[in-house]
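Contents: one structure, followed by commentary.
See the structure below:
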């Protein structure tokens, strides 16, 4: 394998993260239905779980966005394949 191919794989953009909101929304709806129908314990568990999963998904999406933004701001040296932040780059 050539060094160029290895560098392309190493410095490839991070994958985009697509948040799947279906699970927490369905759990929240089921939680509300359970609360209305008198199943308080199940409703509270479903609502708390949906809030927790929604928070976790939003944190993962934010981390993926931050990683992608950091990748877009970085520059790769073609001589040594080191990665530098754009702010540290010196115009030659």
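Residue numbers (this note's numbering): 1 to 92. Even glycine gets a Cβ: it sits at the ideal position worked out from N, Cα and C.
- Close CB contacts of residue 74 within its chain, under the 7 Å cut and outside five residues either way in sequence, are with 83, 84, 85 and 86 (chain order).
- Excluding five sequence positions before and after residue 71, the CB atoms of its chain that fall closer than 7 Å to its own CB belong to 13 and 14, given in chain order.
- Taking all protein chains shown into account, residue 23 has fewer than 16 neighbouring C-beta atoms within 10 Å of its C-beta and is therefore exposed.
- The continuous beta strand (DSSP E) containing residue 74 extends over residues 74-76.
- The Cβ atoms of residue 28 and residue 57 lie no closer than 8 Å to each other.
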